[in-house]
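Note sheet for the following structure.
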Amino acid sequence: MGNHHRRARRAEGTYTSLRLLHPFQRIDQWARRTVHAVQLYFALAWKATRFIFARPFYTGDIVQQMDSIGVKSLGIVLLTGFFTGMVLALQFSVQMAQFGATMYLGRLVTASMIRELGPVLAGLMVAGRVGSGIAAEIGSMRVTEQIDALNTLGTDPIKKLVTPRLIAALVMMPVLTILADLVGIFGGNVIASLYVGIPSTLYWRTVWEQIAAGGFLLHYVPTDFVQGLFKPLVFGGLISITGCFFGLETSGGTEGVGRATTRTVVTASVLILTTDYFMTQLLLYILP
Amino acid sequence: MNHDSVIELSHVYLAFDRPLLEDISIAVARGETLVIAGESGTGKSTILKLMLRLLVPDKGDVFVDGERINDLSFEDALLVRQKMGMVFQGAALFDSMSVFENVAYPLREHTDLDDDEIEARVRQKLEYVDLDPDVVMEQLPAELSGGMRKRVGVARGIANDPAILLYDEPTSGLDPLTTGTVSRLIRKLQRDMGVTSVVVTHDMRSAFRIATRIALLAKQRIAFLGTPDEMAASEDEYVHDFLGDI
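Protein chains in written order, with the numbering used here: chain A, 1 to 288; chain B, 1 to 246.
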């Protein structure tokens, strides 16, 4: 009986259980749990992706998610994009003035925005706003038995909840990124003309020079755009699946919901920054 | 497997961090209301989850309508669940949907009814649980009282006319008057529709009003199984203690 009590107490919290164990056992348990979680994560991603092509299609849910993931994130994404473009222009202008090369400001701002900062900043903003929202919503549904209710009513919760969010994020992240790029470059323009004294016509000509400089894929698509749009697609997938994963894994009442949202934002942000590096490596290799 | 039973658990064992259920065998006969009672944490709700195949036993078998459901695929399990309606402890209404959309949900998912037929069915079910459709249909679950939410939960559970209804603590957190209303509703459903019901509760007053038979869980096992009269007459010390002054 005493043993039962100990085991039951241990089961109450992961952290308590880890503290009570020998260090090697701790590492072993942690490793098992992590590997298991990674397995579940990929299983969820695979199932949600497969359901994109299977009936029934929850079109209403997809549209609603596009609104909450895309349209409602527009404000913060545009705001951060605009200020990032301005601060880039400001910093670059100071550095480039030393070489008398400020006329190339547009090229640098454009390359930085389209290739890196647009996708990554939009990704981080959406991870904070949307990823946490997804985790909170699905987590609350989990702790109030609404996920069990879906199962009981004969609906696959992954199909009903995860797939629409995945589709919406895959569509809306590139759109948000394009807009962030645009206002970022425009922000650069504002600083260039007001602060550095570069005429807008020259600025926009260098912007186009930069876009054209990377070459074109299939004669029409600038390779910078390919890089700039492949990344947000991957980030969209990461954010939606991470939010759904931690939401569905929620346990332990409202406190658990709080934990799920925090984990989502941290994990999604780390995943965005690390995959960004590897994708850049890969894309530079494929599209030099 | 007993062929008269709609749901049967046969020598079921289940453990999470500690043993929860040991050698549980219950057969629910067609048309009866079986109440599963017991202290908190004895695994009453777990038994419902086993019946719905939201959980799979470590050992032993679960049958629904004569079909063994242990090894069903996820998709086949969804089909088995369509035979059952479940009323959750906190009603588990989808809080992003109106009352109408909640009750209509199983109809939209699993029937070919058109919008008019669905509306007619939703109205009928809401009236059946003593709610005024014109008042509640467009409301959100958050705007309802606990008792109303529970009744909407019942309406959603019966929308599809399931042959089996499962209730998880249907009267917990309700005032005595509303408890009476919900108990009457469970009896009415059994009488009018002949549904087979499994009710998990620790409210013994309500259990005695609705049960055909009562199973009492204690120490991972079934401590008692019999009619309410047999239970009241039981000499068993634990049964006696559990019933208290009812």
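Just so it is clear, CB atoms sit at the ideal spot from N, CA and C, and this is done for glycine as well. Quick caveat: nothing in here was measured; it's all calculated off a predicted structure.
Within 10 Å of its beta-carbon, does residue 194 of chain B have 16 or more other beta-carbons around it, so buried, or fewer, so exposed?
exposed
Check: What does residue 145 of chain A touch in chain B if you count any residue whose Cβ is under 9 Å from its own?
Finding: 88, 89, 90, 91, 92 and 168
* On a CA-only basis, which of A:180, A:229 and A:62 is nearest residue 276 of chain A? Give me that one, please. => The option with the nearest alpha carbon to residue 276 of chain A is A:229.
Check your understanding: Nearest chain A C-beta to residue 82 of chain B closer than 7 Å, yes or no?
Key -> yes
State the Cα-Cα distance for the pair residue 38 of chain A and residue 161 of chain A, rounded to the nearest angstrom. 20 Å
- Taking Cβ positions only, does residue 106 of chain B come closer than 7 Å to chain A? yes
* Asked: Going by DSSP, what residues sit across from residue 245 of chain A in a beta bridge?
  -> Answer by DSSP bridge pairing: none, since residue 245 of chain A is not bridged.
Three-way DSSP call (helix, strand, coil) for residue 25 of chain B in this model
Residue state, collapsed to three classes: strand.
C-alpha distance - residue 16 of chain B paired with residue 56 of chain B, whole-angstrom precision
Going by the C-alpha atoms only, they are around 12 Å apart.
Q: Please decide whether residue 149 of chain A counts as near chain B, where near means a Cβ-Cβ distance under 7 Å.
A: So yes, residue 149 of chain A belongs to the interface.
| Does any residue of chain B bring its CB to less than 7 Å from the CB of residue 283 of chain A? | no
### Query
Is it true that the CB of residue 226 of chain A sits closer than 7 Å to the CB of residue 82 of chain A?
7 Å or more divides the Cβ of residue 82 of chain A from the Cβ of residue 226 of chain A.
Would residue 167 of chain B and residue 62 of chain B qualify as a contact pair, given that the criterion is a beta-carbon distance under 7 Å?
In this structure, residue 62 of chain B does not lie closer than 7 Å to residue 167 of chain B by Cβ.
Residue 78 of chain B to residue 156 of chain A span [Cα, whole Å]: 8 Å
Hey, how far is the Cα of residue 113 of chain B from the Cα of residue 30 of chain B?
28 Å
- Query: In whole angstroms, what is the alpha-carbon distance linking residue 112 of chain A and residue 93 of chain A?
  - Reply: 14 Å
Original post:
Where are the alpha helix (DSSP H) runs, 4 residues long or more, that stay fully inside the segment 165-212 of chain B, in chain order?
Top reply: 176-193 and 204-210
Query raised in the report: Along chain B, which residues have their Cβ under 7 Å away from the Cβ of residue 153 of chain A?
Result: Result: 105, 106 and 109.
Query raised in the report: Do residue 264 of chain A and residue 132 of chain A come within 7 Å of each other at the CB atom, strictly closer than that value?
Result: yes
Next item on the list: Verify the CB distance criterion: does residue 78 of chain B have a CB-CB separation below 7 Å to chain A?
Entry: yes
Next item on the list: Return helix, strand or coil for residue 59 of chain B, following the three-state DSSP convention.
Entry: strand
Original post:
On the three-state DSSP scale, how would you describe residue 238 of chain B?
Top reply: It is helical.
Next on the checklist: Taking CB distances under 7 Å as the criterion, tell me whether residue 185 of chain B reaches chain A.
Outcome noted: no
>> Quick check on DSSP: helix, strand or coil for residue 119 of chain A?
In response: Of the three classes helix, strand and coil, the one that applies to residue 119 of chain A here is helix, per DSSP.
- Taking 7 Å as the CB-CB limit, is residue 217 of chain B close to chain A? no
Against residue 14 of chain B, what residues of chain A qualify as contacts under a CB-to-CB distance less than 8 Å, listed in chain order?
Neighbours of residue 14 of chain B on chain A: none; closest Cβ ~14 Å, over 8 Å.
How many Å lie between residue 150 of chain A and residue 254 of chain A at the Cα? 20 Å
Can you have a look at residue 91 of chain A and say buried or exposed, based on whether 16 or more other CB atoms are within 10 angstroms of its CB?
exposed
Who are the near neighbours of residue 120 of chain A in its chain, counting only those whose CB is closer than 6 Å to its CB and skipping five residues on each side? 276
Quiz item: Whole beta strand (DSSP E) runs in the segment 84-166 of chain B with 3 or more residues, listed along the chain?
Solution: Here the runs fully enclosed are 84-87.
Determine, using beta carbons only, whether residue 189 of chain B comes closer than 7 Å to chain A.
no
message: I want to see whether chain A comes within less than 7 Å of residue 52 of chain B, judged by CB atoms only; does it?
response: A Cβ of chain A is located within less than 7 Å of the beta carbon of residue 52 of chain B.
Exercise for review: Could you check what DSSP says for residue 255 of chain A in three-state terms: helix, strand or coil?
Suggested key: The answer is helix: DSSP assigns residue 255 of chain A an H, G or I state.
> Opposite residue 68 of chain B in the DSSP bridges: which residues?
Replying inline: B:63
Boundaries of the beta strand (DSSP E) in which residue 200 of chain A is found, first to last residue: Taken as a continuous stretch (DSSP letters only), residue 200 of chain A belongs to no beta strand (DSSP E), being part of the alpha helix (DSSP H) at 200-213.
Under a three-way DSSP split, which group does residue 36 of chain A fall into?
-> helix
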